[in-house]
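Quick notes on the structure that follows.
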Amino acid sequence: ETLAVVGASGVGKSTLLHILGTLERPSQGTVIWEGEEVFALDDRRLAAFRNRKIGFVFQFHYLLPEFDALENVMMPALIARVPKAQAREDAEAILVRVGLAHRARDSARLLSGGERQRLALARAWAMRPRLLLLDEPTASLDPSATDAVERIIREIRTEGAKVLMTTHNIGQATRLADDVIFLADGRVQEHEAAQRFFARPQS
Numbered sequence: 018e019t020l021a022v023v024g025a026s027g028v029g030k031s032t033l034l035h036i037l038g039t040l041e042r043p044s045q046g047t048v049i050w051e052g053e054e055v056f057a058l059d060d061r062r063l064a065a066f067r068n069r070k071i072g073f074v075f076q077f078h079y080l081l082p083e084f085d086a087l088e089n090v091m092m093p094a095l096i097a098r099v100p101k102a103q104a105r106e107d108a109e110a111i112l113v114r115v116g117l118a119h120r121a122r123d124s125a126r127l128l129s130g131g132e133r134q135r136l137a138l139a140r141a142w143a144m145r146p147r148l149l150l151l152d153e154p155t156a157s158l159d160p161s162a163t164d165a166v167e168r169i170i171r172e173i174r175t176e177g178a179k180v181l182m183t184t185h186n187i188g189q190a191t192r193l194a195d196d197v198i199f200l201a202d203g204r205v206q207e208h209e210a211a212q213r214f215f216a217r218p219q220s
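Going by this note's numbering, the letters in the sequence shown line up with residues 18 to 220, in that order.
So, in structure tokens, the structure goes:
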């Protein structure tokens, strides 16, 4: 299932994702995951929750340029103390699926914009998170690279994760999402889709 949050620049889409992803604390209100208030967790447990349950892809990919593509994808698993051999095997398999197996040993800084965003998707999916957050994932890409990223998003969503994405592109929202909500001035204009999305049981 995929929910798209649509709105003009500056309306609060990224802030919403950062709060849902526990990267920023809300000034008021709560974030509940399976009955638990996530911001009641201490920093160590919150980081572990984020690592295992949530994947992120940002408009700017935030890859680690000092590491190669394979190492970038392995990083979440290594942080979670997955054995290195298993982390490597899983990362190699993901790189095949996103069409980057031939760039596994190349530095992230040597990849094209589209390749970097596919690599960011691979890294976000490395731990098989239950929620994948995408913040304007194709905003800086050309049509060909956008098509490749959208194909990967469609593939990921078939494997059990909920996907929440922000975009200012209503065409992309309707192509990829089951439901769309709109933000204006920091407020949700249509909330029924969001309620349905978060109320559905996880597979």
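We treat Cβ as the ideally placed atom computed from N, Cα and C, and that holds for glycine.
Close Cβ partners of residue i (< 7 Å) along its chain, the five nearest in sequence each way excluded
i: A97; result: N68, R69 and M144
i: Q219; result: Reliability of the predicted coordinates at Q219 is poor, the pLDDT of 47 falling under 50, and the value obtained from them is presented with this limitation in mind. Within the same chain, Q219 has close Cβ partners R147.
i: E51; result: none
i: A201; result: G24 and V28
i: L112; result: A86, L87, V90, A118, A121 and A139
Residues of its chain near residue i, where Cβ-Cβ distance is below 8 Å and the 5 sequence neighbours each way are ignored
i: P146; result: R69, K70, I71, G72 and A178
i: L33; result: V22, T183 and L200
i: R42; result: I36 and F56
Option in the options with minimal Cα separation from residue i
i: E18; options: A139, P100 and L193; result: L193
i: I187; options: V166, R171 and A156; result: A156
i: H35; options: L181, A162 and A104; result: L181
i: D195; options: D152, E109 and R171; result: R171
i: T93; options: Q76, R105 and S26; result: Residue 93 is actually Pro in this sequence, not Thr. P93 has its Cα closest to that of R105, out of Q76, R105 and S26.
i: E167; options: G203, L127 and V115; result: V115
Per DSSP, cross-strand counterpart(s) of residue i
i: V74; result: L151
i: R204; result: A201
i: W50; result: E53
i: T183; result: V22 and D152
Any non-hydrogen atom of the ligand MG closer than 7 Å to residue i Cβ
i: D164; result: No copy of the ligand MG appears in this structure; indeed no ligand is present at all.
C-beta atoms of residue i and residue j nearer than 8 Å
i: V90; j: A139; result: yes
i: D85; j: R133; result: no
i: L149; j: A141; result: yes
i: A165; j: G131; result: yes
i: T47; j: L63; result: no
Cβ-based neighbour list, residue i, same chain, cut-off 6 Å, excluding 5 preceding and 5 following
i: L151; result: V74 and M182
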